[in-house]
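Q:
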Ligand SMILES: Nc1ncnc2c1ncn2[C@@H]1O[C@H](COP(=O)(O)OP(=O)(O)OP(=O)(O)O)[C@@H](O)[C@H]1O
Ligand SMILES: [Mg+2]
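Residue numbers (my numbering), protein chains in the order written: chain A, 13 to 252; chain B, 1327 to 2112.
1) I'd like the span of the beta strand (DSSP E) that includes residue 23 (chain A), first residue to last.
2) Relative to ligand 2, is the shortest distance from any of its heavy atoms to the C-beta of residue 71 (chain A) smaller than 7 angstroms?
3) Closer than 8 angstroms, Cβ to Cβ, to anything on chain A: give me those residues from the stretch 1748-1762 of chain B, in chain order.
4) Helix, strand or coil for residue 233 (chain A), going by three-state DSSP, please let me know.
5) Name the two residues that bound the continuous alpha helix (DSSP H) containing residue 1366 (chain B).
6) Please list the partners that residue 37 (chain A) has in chain B, where partner means a Cβ-to-Cβ separation under 8 angstroms.
7) If the criterion is Cβ atoms closer than 8 angstroms, does the pair residue 1613 (chain B) and residue 1712 (chain B) meet it?
8) Let me know if residue 2095 (chain B) comes out buried or exposed under the rule of 16 or more other beta-carbons within 10 Å of its beta-carbon.
9) Please enumerate, following chain order, all residues with a beta carbon closer than 7 angstroms to at least one heavy atom belonging to ligand 2.
10) Checking contacts by CB at 8 angstroms: is residue 99 (chain A) closer than that to chain B?
11) Taking only beta-carbon atoms, is residue 117 (chain A) less than 8 angstroms away from chain B?
12) Tell me whether the stretch 230-238 of chain A and the stretch 75-92 of chain A touch, counting them as touching only if at least three CB pairs, one residue from each stretch, are closer than 8 angstroms.
13) When the Cα atoms are used, what is the spatial distance from residue 193 (chain A) to residue 162 (chain A)?
14) Chain B beta carbons: is any one of them nearer than 8 angstroms to that of residue 150 (chain A)?
15) Can you determine whether any heavy atom of ligand 1 sits closer than 7 angstroms to the C-beta of residue 61 (chain A), and answer yes or no?
16) If you measure from the beta carbon of residue 1623 (chain B) to each beta carbon in chain A, is any gap under 8 angstroms?
17) Hey, which unbroken runs of the alpha helix (DSSP H) at 4 residues or more fall wholly within the stretch 140-182 of chain A?
18) So the alpha helix (DSSP H) residue 103 (chain A) belongs to, where does it begin and stop?
19) Hey, does residue 1274 (chain B) have any beta-carbon neighbour from chain A nearer than 8 angstroms?
20) With a cut-off of 8 angstroms on the beta carbons, I'd call residue 49 (chain A) and residue 212 (chain A) a contact; round off their distance for me.
21) By DSSP, does residue 2096 (chain B) sit in helix, in strand, or in coil?
22) Consider the Cβ of residue 2013 (chain B): report whether some Cβ of chain A lies at a distance smaller than 8 angstroms.
23) Taking just the CA atoms, how far does residue 39 (chain A) sit from residue 32 (chain A)?
24) So that I know if they touch, is there some Cβ in chain B lying closer than 8 angstroms to that of residue 48 (chain A)?
25) Is any heavy atom of ligand 1 found at a distance shorter than 7 angstroms from the C-beta of residue 34 (chain A)?
26) Name the chain A residues that come within less than 7 angstroms of residue 2016 (chain B), Cβ to Cβ?
27) Taking residue 1999 (chain B) as the reference, which of B:1779, B:1833, B:1599 and B:2088 has the closest Cα?
28) Compare the C-beta of residue 71 (chain A) with all C-beta atoms of chain B and state if any pair is closer than 8 angstroms.
29) Residue 1904 (chain B) to residue 1868 (chain B), Cα distance in whole Å?
30) Can you look up residue 1868 (chain B) in the DSSP assignment and give me helix, strand or coil?
31) With a threshold of 8 angstroms between beta-carbons, can residue 131 (chain A) be considered close to chain B, or not?
32) Taking 7 angstroms as the limit between beta carbons, can you name the residues of its chain near residue 1435 (chain B), skipping five residues before and five after?
33) Determine the chain B residues that contact residue 126 (chain A) at a beta-carbon separation under 7 angstroms, and present them in chain order.
34) Could you tell me whether the stretch 1403-1412 of chain B touches the stretch 1579-1587 of chain B, using the rule of 3 or more Cβ pairs below 8 angstroms?
35) How would you list, in chain order, the residues of chain B whose beta-carbon sits under 8 angstroms from the beta-carbon of residue 123 (chain A)?
36) Since residue 1389 (chain B) contacts residue 1565 (chain B) with CB under 8 angstroms, what's their CB separation in whole angstroms?
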């Protein structure tokens, strides 16, 4: 089934560039990217180190500004927003998961999630978010009392608890072993299936691409090729 | 330069703001040490050199009129090295070009020059031994009144007004702090010292072949108590009022009380500054070592020794200390010079031996360096002891666990940011307490310094507006029957006159002894009254004596106890009187009794030695004119002048002091708060960046950053008030002397002001740190793991 035809466009970029001017040389982290991401879609971004994946994700998530070109989230032109408006946009719409979970060490799992639900307009209870990632029984544990995979799942719970429209993950399994990585991916897929959250996952593990609806390959700050998976496989069947 | 040294210098440059704030706290400690040691040394050394060169006497006594033939007997007392017999009398002066009278103390100059208490000639010459109308005056009196050599002033000598020509000016070790009868502060325009040839003075006061003042210099091994007893025996038949040592010589006692103040300052303040600096260094180096964990591991893996690594971090602290010591030296030397100037106004020395010794500089530097090194050493050793393998692996996240308080927090439904703040405090309780205590010390310094202002107001209110409401006091040359009041009331401008009698006595209770003056007055006196701290007027009781609290304490007596009172004037009787009450007093150590009771004890008609008068302002000039010709008047105290000088002097000093103490308090608070906030930022940067990514606004993350530090600052306030009150109380205690007692008056506005300054400095420092949040790089923080 082709999801593109029936789903609305969530993100659209138009000739986006990002240039780092380090004085002597200009680094084109993004050299003109045209991209569309659709509602309820799970996309995997692949590409060599330095090809611009993180840069694009940060721009989509409102953490960074493009040097030129336009970025739309639905009807919202992100490239025209100031910092305050971007904060508002992040708060209401975006969930992030990074390679390092960045939990607040002084808050328990539940409280780390509550950090987000306290400020989101329509959140789910922290307990529910933690149950979704299989941590319903570890509510009151502090980060220091949890494994890396568990911490990462708390980070995912924290990202989804506000029922975001989009979930942006930059190497969410990068610091994890295969078994733990699979539980994390499973959690991401569950969320995508259940709530239809538009999800983008950056990874260096090519086999993860098989769980995606679409795979976008980056090369030198541009989109190289885009492939659509006719059949997706479940994370537990991924050969790491 | 070795790579490690480069790192040291770069670290130091990167940390300049934190380093500077610590260095400034340290500099305050160094400066205070220099100032107090420097001033103490200057005062002490100048005084002893002056005393030595000008042969300041060791024992002083006065009598009514004693024959000069006693000289050999006095010189024969064992331990006496030199004797000086003089005529010393107070007289009313009629100064040219002014209506108001002034008071002069006439001192006779022996024919062959003074042997003891030798005046230093500042200009002109000593009066000719044969001249009867030449005087030499103390330099400040001449300067204040604009006199030149050759000017003529008039003095009422024993009832006869005489012109006196100024032939010289001088200074004397006896009058370094020149305070006239009944005054509280030097008032050089209205009180002067007049040296006169012995022959002239003797004949003017009818003292030929006699003396009324004796000074003794003792041999090194003499026993002063023994000499005093012998001298008292010799002078007893001639109206001796009791000999005393330097400790009760007015000028010397004031210098002593100033020395005491400097000593107190040197004891209390520097340890506070050094302690805070050590704590700040500890906090900063601790954070750096935590941040550089992996670098330390790497250096160790590369083969750097434990010692090199420990020394590296200690050197960072030492660099901060070096800056602090240098600033402290400059600041201290500059302030000490300024302070010496202020001293010069109070104390008239012919020269000032002011040099801050090399030892003081060295001591302050060593203490400053030690404080910083001490603050660094624990963390430096922690760094040195890190095993390379452990150091290279990331640190375990700080271990937060659920505690009893967490349940409380949950029931209070606190927001997560508030929870982060509270858990941060509970995670490092020692650090939090010390931080709070540091801020509290800033507040305490202000409380302890600004209570002075209210105390002075209280002193002025009680001493000048409730106790002593007279406009002037007329001091009589000798005791006279109370009927003289009628004459005084007839003087122009006098609205009311009340008598008072001063009785020099020696009070003793067992072996405890004290030489004081009892003020005897009549009940229902309205002008000069004894007031207790509640503002109640205390009438001298019909019988017994009333003692000031300090005096009662020194004699170990309470109301109802008996006391041997040896009257040193008149018939010189000893009576056993009981203590009828105790009053709190700010000036001197007073004793009071009913004047009728005194007359009854002595079986004579009531006498007075001074009259308190109320004056019609419009006729004050007439009064002055009349007083200039009044016989039997030894001196005049214009209380309005006294009040004004006292106020002006105090106010001027309080302004200078306040500025200094506000600066000190701000320095402490900024040092503590700024560093605390910087460390918060360093520890929480990652956390705050991830919150920003989650959609928290700049204001919300600012709250988390500033919350802990400001919460500690708020908690510090009551603590600071308490410590400040304690300090104030201790200072009041330390400063109390026979000359004055400082009441500790702590008002709400003192605490409020201290907190406004403390919190203001804290908020300012935190806001400076907060600005760094605006440039927090959200993206780069996420790329690395801590
Ligand atoms: N702050 C910066 N300053 C200069 N150049 C930068 C900066 N951040 C990124 N770059 C450059 O931009 C390019 C793209 O970086 P980006 O992080 O997007 O790569 P990536 O595809 O995510 O790589 P990786 O897979 O290693 O994470 C790289 O060449 C990088 O060196
Ligand atoms: Mg990347």
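For each residue, glycine too, the CB sits at the ideal point set by N, CA and C.
A: With the structure as the only source:
1) Mapped onto the first chain, residue 23 (chain A) falls at position 11. Residues 21-33.
2) Locating residue 71 (chain A) in the first chain gives position 59, where the first residue counts as 1. Incorrect: residue 71 (chain A) has no Cβ contact closer than 7 angstroms to ligand 2.
3) Flagged, chain order: 1749, 1750 and 1753.
4) For the purposes of this step, residue 233 (chain A) is taken as the residue at position 221 of the first chain. It is coil, neither helix nor strand.
5) Within the second chain, the letter at position 40 stands for residue 1366 (chain B). Start and end: 1342-1379.
6) The residue given as residue 37 (chain A) occupies position 25 in the first chain. In chain order: nothing, as chain B lies at least about 19 angstroms away.
7) For the purposes of this step, residue 1613 (chain B) is taken as residue 287 along the second chain, with counting starting at 1. For the purposes of this step, residue 1712 (chain B) is taken as residue 386 along the second chain, with counting starting at 1. No.
8) As a position in the second chain, residue 2095 (chain B) is number 769, starting the count at 1. When all chains shown are included, residue 2095 (chain B) counts as buried.
9) Residues close to ligand 2 by the beta carbon criterion (under 7 angstroms to any non-hydrogen atom) are, from first to last along the chain, A:65, A:66, A:182, A:183 and A:214.
10) On the first chain, residue 99 (chain A) is found 87 positions in, with the first residue counted as 1. Yes, because at least one Cβ of chain B sits closer than 8 angstroms to the Cβ of residue 99 (chain A).
11) One-based indexing of the first chain puts residue 117 (chain A) at position 105. Answer yes: the Cβ-Cβ gap between residue 117 (chain A) and chain B drops below 8 angstroms somewhere.
12) no
13) Taking the first residue of the first chain as position 1, residue 193 (chain A) is located at position 181. Taking the first residue of the first chain as position 1, residue 162 (chain A) is located at position 150. C-alpha separation (whole angstroms): 10 angstroms.
14) Along the first chain, read from residue 1 onward, the residue named residue 150 (chain A) stands at position 138. Residue 150 (chain A) is outside the set of residues whose beta carbon lies under 8 angstroms from a beta carbon in chain B.
15) Here residue 61 (chain A) refers to the residue found at position 49 of the first chain. Yes, the beta carbon of residue 61 (chain A) sits closer than 7 angstroms to at least one heavy atom of ligand 1.
16) On the second chain, position 297 is the one that residue 1623 (chain B) refers to. No, residue 1623 (chain B) lies away from the interface with chain A (no Cβ there is under 8 angstroms from its Cβ).
17) 160-172
18) As a position in the first chain, residue 103 (chain A) is number 91, starting the count at 1. It spans 95-105 - the alpha helix (DSSP H) in which residue 103 (chain A) sits, taken as one unbroken run.
19) The displayed coordinates of chain B run from 1327 to 2112. Any statement about residue 1274 (chain B) would go beyond what the structure contains.
20) As a working mapping, residue 49 (chain A) is identified with position 37 in the first chain. As a working mapping, residue 212 (chain A) is identified with position 200 in the first chain. Confirmed, about 6 angstroms.
21) The sequence position of residue 2096 (chain B) within the second chain is 770, counting from 1. The answer is helix: DSSP assigns residue 2096 (chain B) an H, G or I state.
22) Indexing the second chain from 1 puts residue 2013 (chain B) at position 687. Interface with chain A (8 angstroms Cβ-Cβ cutoff): residue 2013 (chain B) is included.
23) Residue 32 (chain A) sits at position 20 when you count from the first residue of the first chain. Residue 39 (chain A) sits at position 27 when you count from the first residue of the first chain. Cα-Cα distance, rounded: 5 angstroms.
24) What you label residue 48 (chain A) is simply residue 36 of the first chain in a count that begins at 1. Residue 48 (chain A) does not count as touching chain B.
25) Reading the first chain from its first residue, position 22 is the one you call residue 34 (chain A). Checking the Cβ of residue 34 (chain A) against ligand 1 gives yes.
26) For this step, residue 2016 (chain B) is matched to residue 690 along the second chain. Chain A residues near residue 2016 (chain B): 114.
27) Start at 1 with the first residue of the second chain, and residue 1999 (chain B) comes out as number 673. Answer by Cα proximity: B:2088.
28) For the purposes of this step, residue 71 (chain A) is identified with residue 59 of the first chain, where counting begins at 1. Chain B, which has no Cβ nearer than 8 angstroms to the Cβ of residue 71 (chain A), makes this no.
29) Taking the second chain and counting its residues from 1, the one referred to as residue 1904 (chain B) is at position 578. Taking the second chain and counting its residues from 1, the one referred to as residue 1868 (chain B) is at position 542. The alpha-carbon atoms of residue 1904 (chain B) and residue 1868 (chain B) are separated by roughly 12 angstroms.
30) Here the question's residue 1868 (chain B) lines up with position 542 in the second chain. Coil at residue 1868 (chain B), not helix or strand.
31) Within the first chain, numbered from 1, the residue matching residue 131 (chain A) stands at position 119. By this cut-off, residue 131 (chain A) is an interface position.
32) Along the second chain, one-based indexing puts residue 1435 (chain B) at 109. Taken in chain order, the residues that qualify are 1452, 1453, 1521, 1522, 1523 and 1524.
33) Taking the first chain and counting its residues from 1, the one referred to as residue 126 (chain A) is at position 114. Neighbours of residue 126 (chain A) on chain B, chain order: 1742.
34) no
35) Within the first chain, the letter at position 111 stands for residue 123 (chain A). Here the neighbours are 1742 and 1745.
36) In the second chain, the residue the question calls residue 1389 (chain B) occupies position 63. In the second chain, the residue the question calls residue 1565 (chain B) occupies position 239. Going by Cβ atoms, the distance from residue 1389 (chain B) to residue 1565 (chain B) rounds to 5 angstroms, so yes, they are a contact pair.
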